[in-house]
Structure formats: C-alpha cells, structure tokens
Amino acid sequence: MNEKLINKEKLPEHIAIIMDGNGRWAKQQGKLRVFGHENGAKAVKRVVEGCAELGIKNLTLYAFSTENWKRPKMEVETLMKLLVSSLKKELKTLLQNNIKLNAIGNIETLPKKVQSELLEVMEKTKDNNRMTLTMALSYGGREEIKNAVVELCTKVKNNIISPDIIDESIINNHLYTQNLPDVDLLIRTSGEYRVSNFLLWQIAYAELYFTKTLWPDFTKEHLWEAIINYQNRERRFGKTSEQLN
Ligand code: FPP
15 MNEKLINKEK LPEHIAIIMD GNGRWAKQQG KLRVFGHENG AKAVKRVVEG
65 CAELGIKNLT LYAFSTENWK RPKMEVETLM KLLVSSLKKE LKTLLQNNIK
115 LNAIGNIETL PKKVQSELLE VMEKTKDNNR MTLTMALSYG GREEIKNAVV
165 ELCTKVKNNI ISPDIIDESI INNHLYTQNL PDVDLLIRTS GEYRVSNFLL
215 WQIAYAELYF TKTLWPDFTK EHLWEAIINY QNRERRFGKT SEQLN
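According to our numbering, the sequence shown is numbered sequentially starting from 15.
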C-alpha cells in the first residue's frame, strides 16, 4: 500500500479505532494476553505517528471499555500499568509532534495513578494543535448518552434551559466529545463486525471499515489502506448521487 495514493484534500477529519485482537494475537504465539497488549501499545504508537504525518486532525482510540472491567483482575491491572508507562514514555513524542492528549469516559473510575498521569500529560499538551489524540478509557457510548440526558434534564428542572431549545447541537455539547467533530471513519481490527458501544452518537454518518488484521499487527500501511478505501466511497448523507454531483 502506497501513501502517495492518499488524497490529502479528502482526508477524514476524525478517525476512530476499535483496537481488537490483542489476546488472540498473543495466543497464536503461545504467549499470555498481556504480551498482546504490550505489542498493541506499539501499534498505538505507529498509528498515532501515521495519522499525524498524514495531517489527520483527530484520532480517537478505544483503549478500555466500561465492560472491560469484567476481565481478570491481573489483565485489568496490566492494562492500567501499560497505560501509565506508555503515557510517561510518550509524553516527549506528543510534545515533539505537537499532539494534544484528550481523554473521554468515566475517568474518575480509573486508578488514581492513571488519572494523575493522564491529567499531567493532558495539561502539558493542552496547547498543541497539530492533532488531538483522544483515549477512550472506561468509556461506554450508552453511558455517555445517559449522562447527557441527565445533565439536560437537570438544567430543564432548574429552569436553566427550556426543553424547546434542545437540538442536536445542544446534545452534542453535553457529550464527552463536545469539542470533537463527528467521526468520519471508524476502523475495527480482528475480523469482528460490531461497534461495541463505541461513540454511538458520533458515528451516525461514519464510514465503517473492518479488517481481519489483529491490532498488534496493524501498521501504517494498514492505516493508509483504510483511508484509501474511505476515499473511494461516496458519502451521500441522505442525498442522491446526482445531487452530490
Ligand atoms: C482488545 O484486544 C484490546 C483492548 C481491550 C485494550 C486495548 C489496549 C491496547 C491496544 C494496548 C495498550 C494501549 C495503550 C494506549 C497503552 P482483546 O484483548 O479484546 O483481544 P481478543 O479479542 O483477541 O481477546
């Protein structure tokens, strides 16, 4: 796959990725799941660099779902440790590449160490503007929408807003992703064809791209392939082809 085939004028503004298949990748090699996650972290680095180099403005990664808390304690602990060590290690790369770190999800439920590391990296990168890298952590799409509903209802109850003014943009502004544009391209690895409670509101018009590649095997070339595939699709947003032309 050749990077030159990518049309720089038609880049997706926001790419979101469900990074799946770490466990199966490790199993295939007779290793523990943790080994898969460690190599998954290397794929994260490759893809973040790949997106920044191309000029993608927003990349959102599903790193830990609300459901992932149900995994064996040791695996959860390893993922949390990996997160802290990756944040420590990659702060320099984020600064050098002018990338801003953002986090979405139920962040308060993360271990204190993860929260403090996240906050520190977010604070240090807050003025960067080449790309926003959002990590979805303890994230659930339905919970996000539920929280927005509760917040809006509370505002209505306290006469802060009238229900008549609630429109899509106001709902948008009450989601974790309030400062991000809609997702243009959603990628899921490992041959699973589901969205698994990820960015349910924000993917309304996203192009979906599924690949059998397991996440630790995902390279910049795989990213380019997904973007080229996206660029060859016709996004009609409900209109006809003729109207678009
Ligand atoms: C899915 O593979 C992956 C996760 C649940 C977590 C994602 C974590 C990483 C990519 C590594 C660490 C990330 C950072 C940001 C440091 P799976 O375990 O569900 O794989 P399986 O479906 O084959 O079991």
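We treat Cβ as the ideally placed atom computed from N, Cα and C, and that holds for glycine.
Residue i burial status per 10 Å Cβ neighbour count (16 or more: buried)
| i | result |
| --- | --- |
| asparagine 16 | exposed |
| cysteine 65 | buried |
| glycine 54 | buried |
| serine 152 | buried |
| serine 99 | exposed |
| alanine 220 | buried |
| glutamine 216 | buried |
| asparagine 187 | exposed |
| serine 255 | exposed |
| tyrosine 207 | exposed |
| arginine 47 | buried |
| leucine 97 | buried |
| proline 230 | buried |
| phenylalanine 251 | exposed |
| valine 128 | buried |
| glycine 44 | exposed |
| proline 195 | exposed |
| serine 204 | buried |
| threonine 80 | buried |
| isoleucine 113 | buried |
| tryptophan 83 | exposed |
DSSP bridge partner residues for residue i (one or two, in chain order)
| i | result |
| --- | --- |
| leucine 115 | Leu147 |
| histidine 76 | First, the residue type needs correcting, since residue 76 is tyrosine and not histidine in the sequence shown. DSSP, once it has assigned bridges, lists Ile32 and Ala150 as partnering tyrosine 76. |
| tyrosine 223 | Ile201 |
heavy atom of the ligand FPP below 7 angstroms from residue i C-beta
| i | result |
| --- | --- |
| leucine 93 | yes |
| methionine 136 | no |
| leucine 96 | yes |
| aspartate 34 | yes |
| glycine 37 | yes |
| valine 61 | no |
| methionine 145 | no |
| phenylalanine 224 | no |
| arginine 47 | yes |
| serine 204 | yes |
| glycine 54 | yes |
| valine 90 | no |
| tryptophan 229 | yes |
| alanine 162 | no |
| histidine 236 | no |
| histidine 51 | yes |
| asparagine 111 | no |
| serine 2 | There is no way to answer for residue 2, as the model of the chain reaches only from 15 to 259. |
| asparagine 82 | yes |
| valine 58 | yes |
| phenylalanine 232 | no |
| alanine 77 | yes |
| methionine 149 | yes |
What are the uninterrupted segments assigned as beta strand (DSSP E) that are 3 or more residues long and contained completely in the segment 166–212, given in chain order? 199–202
Okay, do the segment 68–86 and the segment 21–39 touch, 3+ Cβ pairs below 8 angstroms being the bar? yes
Is it true that the segment 118–132 meets the segment 147–166, where meeting means three or more beta-carbon pairs spaced less than 8 angstroms apart? As far as the Cβ criterion goes, the segment 118–132 touches the segment 147–166, which means the pair count is three or higher.
Given 8 angstroms, three or more beta-carbon pairs between the segment 128–137 and the segment 181–201: no
The segment 19–28 touching the segment 55–62, judged by at least three CB pairs closer than 8 angstroms: no
Could you name each continuous beta strand (DSSP E) segment of 3 residues or more that falls completely within the segment 38–108, going from the start of the chain to the end? 72–79
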